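Visitor:
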Amino acid sequence: MFIRDATADDTAAMLRLLRQIAACSNDAEHGPGSSDEQLLGVIENARPLCSEGMIS
C-alpha cells in the first residue's frame, strides 16, 4: 500500500467520503444538505492523504 498527499484529482473521491459522513451528521453547517464547498471547507486546513494499492 502506498500513502500519498491528496491532489485535485482526488476531489471527487474526497467529496464522496465527506458526503457519507455528512449524511450521518445533524450539524446544520456540515450536514446532509451541505454544498460541496462547505464540505471541502472541513478539510481546507488539513493535509488529506490517500492510499493506493491492494491490502493483502
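Sequential numbering from 21 applies to the sequence shown in the numbering used here. By construction, the Cβ of each residue, glycine as well, lies at the ideal position given by its N, Cα and C atoms. This structure is a prediction, so every number in the text was calculated from the model and none was measured.
Quick check on SER54: buried or exposed, where buried means 16 or more other Cβ atoms within 10 Å of its Cβ?
Guide: Locating residue 54 in the sequence shown gives position 34, where the first residue counts as 1. It is buried - the Cβ of SER54 has at least 16 other Cβ atoms within 10 Å.
Visitor: Using a threshold of 7 Å, state whether the C-beta atoms of ALA26 and PRO68 are closer than that.
Guide: What you label residue 26 is simply residue 6 of the sequence shown in a count that begins at 1. What you label residue 68 is simply residue 48 of the sequence shown in a count that begins at 1. Closer than 7 Å, so yes.
Visitor: When we look at the beta-carbon of LEU59 and count the other beta-carbons within 10 Å, is it buried (16 or more) or exposed?
Guide: Here the question's residue 59 lines up with position 39 in the sequence shown. It is buried - the Cβ of LEU59 has at least 16 other Cβ atoms within 10 Å.
Visitor: In whole angstroms, what is the alpha-carbon distance linking ALA43 and MET34?
Guide: Here residue 43 refers to the residue found at position 23 of the sequence shown. Here residue 34 refers to the residue found at position 14 of the sequence shown. Taking the straight line joining both Cα atoms gives about 14 Å.
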